[in-house]
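Working notes, beginning with the structure itself.
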C-alpha cells in the first residue's frame, strides 16, 4: 500500500462490509455484507481502493472517499497538501469470502499518511493504470520527506526493533517501530520472524547495516522471490531453526549490538496461520495484469499474504497484487459476473526449468 512507510495503517472507522462468506453465506466479520468488493455506501465513484493493510493480524481492504481537491499547490510550496483528512473505511477479507468488483473509469492518487491518518492528494492527480504505485510525483516526494524507510525522519523518538524475517528461501534483516508489533512483518509477507534487539532508531539502522555487511543478510527481498518461495514454504519448525541459528550468529558478533540497542532473547513467531498459507504451499496458474476500466474480478479468497490475494477462480488459482487496485474506483459486480481482467500465465516453480 502506497504511503504507509512505518506508520500504522489506521482508518477513521470500519465499514459494514465488503465480502460474502463461504458457501454464499454471510462472512463472520460482516453478517449483512453484500457480495461486493466495496464497503456499503461505496457505490459512488468517489470511493476508491487504497490497498491491503494489516491490523491486529487481520487483513483489511482500505477505501477512501477523497475530499474535494484543494487549489493546485504554488511553485513556491509544491509539497504542502490540504490539512483535511480523507474519509476512510475498511473491509474485512476473511478466507472463503467472494469479492466481486468492476473497475471504474479512472485511477487517482491515493494521497499520503500523516499522523496515522490519510491526507488526500491536493490535486486528485491521475495515476497511470499500469504502475503498482498509486501516488503522483508530488505526494511521493511528500511521503519520502518524512519516512523511516527513506531515512528522512531520524529524530523519531519511538523504540525500534531489529528483526530477522524468514521468506521461505532467505532470511532478511529489517527494522520496525516496536509499537507496531508484527504488523510490518505481515505487510511484507514474512513467513516467520524473530526480534534480536530493540532501542533507538539510529542505533537500529546501525545494527541493520552491521548485519548486512558482517553476515551478508539482505535488507530487502524481491516480491517475485517471496512468491516463488510460497510454493514450498517448508515447516514452521524448519524456519524457526534457521532463524534461531541466524540469531545465534548475530549475538556472536563482537561489535553487536551498537550503543542504543539492547539484545533480545530470540522468540520465533510463525505468520502463516494469519495468512491462511497451507503447509503444502500455493501455486497460482496466473497473475492479474494491470487493470483497465470496465474489467471485472471475481473469485473466492484462498490466501492473503503481504499485499497479495490468492483467488480461486474458474481459471484456477489466481494471484492478485492489491497494489494494482490502489487509486481505482471499484464497483460491486453481479453475483454471476464473469472474470474479465487480463491474466498472465505463471510457471510452476516446483517444475525444473529447461536449460536449453
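In the working numbering, the protein residues as written are 230 to 585.
Positions of the beta carbon are idealized from the N, C-alpha and C atoms, including for glycine.
query                                                                                                                                                                                            : result
Look at residue 479 and residue 425 and say whether their C-beta atoms are less than 8 Å apart.                                                                                                  : yes
Just list the residues that DSSP pairs residue 218 with in beta bridges.                                                                                                                         : The question about residue 218 has no answer here: the residues shown for the chain are numbered 230 through 585.
Excluding the 5 residues flanking residue 241 on each side, which residues of the same chain have their C-beta closer than 6 Å to its C-beta?                                                    : Confidence in residue 241 is poor, its pLDDT being 35 and thus under 50, which makes the residue's placement unreliable; the coordinate value appears in the next sentence. Closer than 6 Å at the Cβ level, and outside the excluded window around residue 241, lie 317.
Please determine, among 293, 570, 408, the residue with the shortest C-alpha to C-alpha distance to residue 389.                                                                                 : 408
What does residue 422 pair with, by DSSP beta-bridge criteria?                                                                                                                                   : 394, 498
Using a Cβ distance threshold of 8 Å, determine whether the segment 434 to 443 contacts the segment 517 to 524, with at least three qualifying pairs required.                                   : no
Buried or exposed for residue 486, please, with buried defined as at least 16 other CB atoms from any protein chain shown within 10 angstroms of its CB.                                         : buried
Thinking just about the alpha-carbon of each residue, which of 340, 278, 370 is nearest to the one in residue 319?                                                                               : 278
Identify, in the order they occur along the chain, each residue of the same chain with its Cβ nearer than 6 Å to the Cβ of residue 571, setting aside the five sequence neighbours on each side. : 518
For residue 286 and residue 363, I'd like the C-alpha separation in whole angstroms.                                                                                                             : 24 Å
With respect to 7 Å, is the separation between the Cβ of residue 384 and the closest non-hydrogen atom of the ligand ADP below this value?                                                       : What this structure holds is no ligand at all, so the ligand ADP is not there to describe.
On the DSSP letters alone, give me the boundaries of the alpha helix (DSSP H) that residue 335 sits inside.                                                                                      : No alpha helix (DSSP H) contains residue 335, which is instead part of the beta strand (DSSP E) from 329 to 336.
Quick check: what's the CA-CA separation for residue 261 versus residue 494?                                                                                                                     : Legend: pLDDT at residue 261 = 26, less than 50; position of this residue unreliable, value from coordinates given subsequently. Taking the straight line joining both Cα atoms gives about 45 Å.
Should residue 325 and residue 337 be called a contact, given that it needs their Cβ atoms to be closer than 8 Å?                                                                                : no
Output the distance between the C-alpha atoms of residue 552 and residue 459, rounded to the nearest integer angstrom.                                                                           : 19 Å
For a test of the three-state rule: what should DSSP assign to residue 457, helix, strand or coil?                                                                                               : helix
By how many angstroms is the C-alpha of residue 531 removed from the C-alpha of residue 372?                                                                                                     : 33 Å
Whole angstroms is fine: what's the gap from residue 295's alpha carbon to residue 341's?                                                                                                        : Low local confidence applies: a pLDDT of 46 at residue 295 is under 50, so the model's placement there is unreliable, and no value is given.
CA-CA distance, residue 558 and residue 446?                                                                                                                                                     : 40 Å
Going by C-alpha distance, which of 383, 563, 554, 394 is nearest residue 291?                                                                                                                   : 554
Output needed for residue 413: all residues of its chain with C-beta closer than 6 Å, excluding positions within five of it in sequence on either side, in chain order.                          : 405
Nearest to residue 524 by alpha carbon, out of 563, 477, 497, 534?                                                                                                                               : 563
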